[in-house]
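No gaps in the numbering here: position 57 of the sequence shown is 79 in the working numbering, and each next residue is one more.
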Amino acid sequence: MDLLTDHEGDLTLQSARNTVENAVAGTTVPALKLTPVFQEKRGVFVTLTKVGCHWGCIGFPYRLFRLKRQSPRWRLVQLSKIRGSPR
């Protein structure tokens, strides 16, 4: 399995940031134009920081779902973490 290109990594990061920002604002997450690699099963794991300090980790580190399908699942996990955390 090849690593993501810089562009694919940027898309993934942009999707994660959009998800968090839109979840906090209560708005809809805009769709992104994805490359074919997002059809592959990949793990997604993210370390969250707040003001430069470790805040937590979320995601699915194993190749269980297509990267494209991870986004809705990932968003649900993020929403529960953001809204349910006392941090």
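Glycine included, every Cβ here is placed at the ideal spot set by N, Cα and C.
As the structure is a computational prediction, the values presented were derived from the model and not from experiment.
For THR34, the enclosing alpha helix (DSSP H) begins and ends at 28–47.
For LYS72, the enclosing beta strand (DSSP E) has its first and last residue at 63–72. In the three-state scheme derived from DSSP, where H, G and I count as helix and E and B as strand, LEU89 is classed as helix. When GLU43, VAL46, VAL59 and HIS76 are compared, the shortest CA-CA separation from ASP28 is found for VAL59. Taking 8 Å as the upper bound for CB-CB distance, VAL73 and ALA38 are not in contact here, some 18 Å apart.
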